[in-house]
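Trainee: Going by my numbering, the letters in the sequence shown line up with residues -18 to 461, in that order. Don't be surprised by glycine CBs; every beta carbon is placed ideally from N, CA and C. Okay, handing you the structure first.
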Amino acid sequence: MSARFTAEQVAWTAGARIAVPGGPFQGVFTDSRAPVKRGLFVALRGANFDGSDFVAQAVQGGAAGALVPADAIEKVRPQAARAALLTTPDTGRALGNLAAAWRRQLTGLELVCITGSTGKTSTKELIAEVLAAAGPTLKTEGNLNNEIGVPLTLLRLSEQHRYAAIECGMNHLGEIARLAQWADPDVGLVTNITPVHLEGCGSIEGVAHAKGELFHALRDSATAVANADDARVLAQARLSRRKLVTFGAAFGSDVRLISAHHGGPGLRVELELGGARLMAELKLIGTHNGYNAAAAAAVGMALGLGPEIILRGLANATTPGRRMRPVKMPNGALLIDDCYNANPASTKAALLTLTHLVRGKGRAIAVLGDMLELGHTELDLHRDVGRFAAGAGLSLLVCFGERAKALGEGAQEAGLPAESIESTADPAEAVRLVQARVRPEDVVLVKGSRGMKMERVSDALAEETGAAGEGQKANPTGGT
């Protein structure tokens, strides 16, 4: 059973006033289209919506009460029927405070928070499987990694859960600190720090500060898990003065990544943990997942889990959403659907995987879309990725979007022939360009930022198989 509150507990925790008594509440929800029977509906406000307009729908769906903005009380009274009504100045902040209060009641729970510039979700999935091998585990679903999603996830916890893996994204400074304050993690992990969200943070140093907020928000008894190969991550972890567990390829890492290579249907990752060498068999592709596996193993070590549990969990992990998902194209070529999101580091990692997959077989083709939210250096960063793409030996590079034209410029500067580079902003044209050249033995990568809707390309390329299907819906308020 998820979170439970009386009206008085909600008032005390959320700084609310009871306008119409009632309750108790069995669960908390914010979407009136998916009501929770006997639950508390929290009416959030955003730039384009006002949850107080949907109180009647929530009550008709079975809600026992609603928490609404103070200035909406007279509007919602007629909608509430016999349901309880509470008011507060800021329902968003109240939602977080309710989540924090519920999490504090779960004293037998060990909770892990995960953030970083790239690899958060894949690492979260690996961690969740490692934890699930040891006991009942709750994890962040979809893209619920922001100031709405994290509280809603925490409010789904029950006394039966022994572990939780909570992903924390951000769009601005201070957000991760707030999420960590609500979640109160036993372990905080930062995967890496790269040039993403420069619009919100100003610089790579700003990104480091924003991601490092997780370490600094840890209570004294908690453990920081840090990438030993990322100087900025390691510096933030050491500044926090918390117990530290490291992972990476560097000698001296508590969990050392020795190798990661494709073998059979997935990835074989060799790790050194506690002086012993372990071979993990993953269902994932992409050698960068070797780092993610090392991070998950380090979290397991921080929580005192044994090697057998860690290996079993790593073996169970699967690819979430549209992240490095292999799909057979109608002509037999392999499509790598990596449409979920993109930044310079993750795009380079995907290109590296592409080169590994085609080695000694067919040719490499990439459709790369704009990478968004990179600030004033965005064109330089696109050119840099283009130069990297040239080194991947592509037979065709399709640059999708206005910013992606700079990818083509960088690739041509680095020696990729002009006849191997195409630019378009039309998904149908991108599909046509690939279909005109792709052979059965080739591998095709499709990747770009969420806002570019690259699934329009990947779905069409895989259309006859139906394998691409509908992708995970984006959370417009999510962060990275």
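For His243, list the residues DSSP reports as bridge partners.
Mentor: For this step, residue 243 is matched to residue 262 along the sequence shown. Beta-bridge pairing links His243 to Leu248.
Trainee: I'd like to know whether the C-beta atoms of Ile174 and Arg213 end up nearer to each other than 8 Å.
Mentor: As a position in the sequence shown, residue 174 is number 193, starting the count at 1. As a position in the sequence shown, residue 213 is number 232, starting the count at 1. Cβ distance < 8 Å, so Ile174 and Arg213 count as in contact.
Trainee: Pick helix, strand or coil for Cys182, following the three-state DSSP scheme.
Mentor: Position 201 of the sequence shown, counted from the first residue, corresponds to residue 182. It is helical.
Trainee: Is it right to say Arg384 is buried, meaning 16 or more other beta carbons lie within 10 angstroms of its own, or is it exposed?
Mentor: On the sequence shown, position 403 is the one that residue 384 refers to. It counts as buried.
Trainee: Could you tell me the distance, in whole angstroms, from the CA atom of Arg(-15) to the CA atom of Ala37?
Mentor: As a position in the sequence shown, residue -15 is number 4, starting the count at 1. As a position in the sequence shown, residue 37 is number 56, starting the count at 1. Cα to Cα, the separation comes out at about 22 Å.
Trainee: Check whether the Cβ atoms of Ala146 and Val93 lie closer than 8 Å to each other.
Mentor: Within the sequence shown, residue 146 is the residue found at index 165, counting from 1. Within the sequence shown, residue 93 is the residue found at index 112, counting from 1. Against a cut-off of 8 Å, the Cβ pair of Val93 and Ala146 comes out as a contact.
Trainee: Where does the unbroken alpha helix (DSSP H) through Asp160 begin, and where does it stop?
Mentor: As a first step, residue 160 is located in the sequence shown; it is residue number 179 there, counting from the start. In the sequence as presented, Asp is not what sits at residue 160; that position holds Leu. Segment Glu156 to Ala164, the alpha helix (DSSP H) holding Leu160.
Trainee: Which of the three DSSP states is assigned to Thr72 in this structure?
Mentor: Taking the first residue of the sequence shown as position 1, residue 72 is located at position 91. Helix at Thr72.
Trainee: Return yes when the Cβ of Leu248 is within less than 8 Å of the Cβ of Ala278, no when it is not.
Mentor: Along the sequence shown, read from residue 1 onward, the residue named residue 278 stands at position 297. Along the sequence shown, read from residue 1 onward, the residue named residue 248 stands at position 267. The answer is no: Cβ separation not under 8 Å.
Trainee: Quick one: residues in its chain with C-beta nearer than 7 Å to the C-beta of Leu133, no 5 flanking neighbours on either side, listed in chain order?
Mentor: Residue numbering aside, residue 133 sits at position 152 when the sequence shown is read from its first letter. For Leu133, where only same-chain residues beyond five positions count, the Cβ hits under 7 Å are Thr11 and Leu125.
Trainee: Kindly identify the DSSP beta-bridge partner or partners of Gly229.
Mentor: Here residue 229 corresponds to residue number 248 of the sequence shown, with the count starting at 1. Partner(s): Arg237.
Trainee: Which residues in the same chain as Arg84 place their Cβ atom closer than 8 Å to its Cβ, once the five residues preceding and following it in sequence are excluded?
Mentor: Numbered from its first residue, the sequence shown carries residue 84 at position 103. Leu90, Leu92, Leu135, Leu138, Trp163, Ala164 and Asp165, listed in sequence order.
Trainee: Which residues does DSSP pair with Tyr144 in a beta bridge?
Mentor: The count along the sequence shown starts at 1 and reaches residue 144 at position 163. Per DSSP, Glu91 and Thr118.
Trainee: Identify the continuous alpha helix (DSSP H) that holds Pro50 and give its terminal residues.
Mentor: For the purposes of this step, residue 50 is taken as the residue at position 69 of the sequence shown. Pro50 -> not in any alpha helix (DSSP H); beta strand (DSSP E) instead, spanning Gly46 to Pro50.
Trainee: Please report the residue range of the alpha helix (DSSP H) in which Met310 lies.
Mentor: Taking the first residue of the sequence shown as position 1, residue 310 is located at position 329. Note, Met310: premise wrong, no alpha helix (DSSP H); not H, not E.
Trainee: So if DSSP puts Ser428 in a beta bridge, which residue, or which two residues, is it bridged to?
Mentor: Along the sequence shown, one-based indexing puts residue 428 at 447. Just to set this straight, residue 428 is Lys in the shown sequence, not Ser. Answer by DSSP bridge pairing, in chain order: Asp319 and Leu349.
Trainee: Tell me, please, which residues DSSP counts as bridged to Leu263.
Mentor: Taking the sequence shown and counting its residues from 1, the one referred to as residue 263 is at position 282. For Leu263, which the question treats as bridged, DSSP gives the partners Leu248.
Trainee: For Gln60, does the count of other Cβ atoms within 10 angstroms reach 16, so buried, or fall short, so exposed?
Mentor: Counting from 1 along the sequence shown, the entry for residue 60 is found at position 79. Label assigned to Gln60: buried.
Trainee: In this structure, how does DSSP classify Leu21 when only helix, strand and coil are distinguished?
Mentor: Within the sequence shown, numbered from 1, the residue matching residue 21 stands at position 40. It is a strand residue.
Trainee: Contact check, Ala39 vs Ser13 under 8 Å by CB: the rounded distance?
Mentor: As a first step, residue 39 is located in the sequence shown; it is residue number 58 there, counting from the start. As a first step, residue 13 is located in the sequence shown; it is residue number 32 there, counting from the start. The Cβ separation is near 4 Å, so the contact holds.
Trainee: DSSP state of Gly169, grouped into three classes?
Mentor: Locating residue 169 in the sequence shown gives position 188, where the first residue counts as 1. The answer is strand: DSSP assigns Gly169 an E or B state.
Trainee: Quick one: what's got a C-beta closer than 6 Å to Gly267's C-beta in the same chain, skipping five residues either side?
Mentor: As a first step, residue 267 is located in the sequence shown; it is residue number 286 there, counting from the start. Within the same chain, Gly267 has close Cβ partners Met305 and Thr334.
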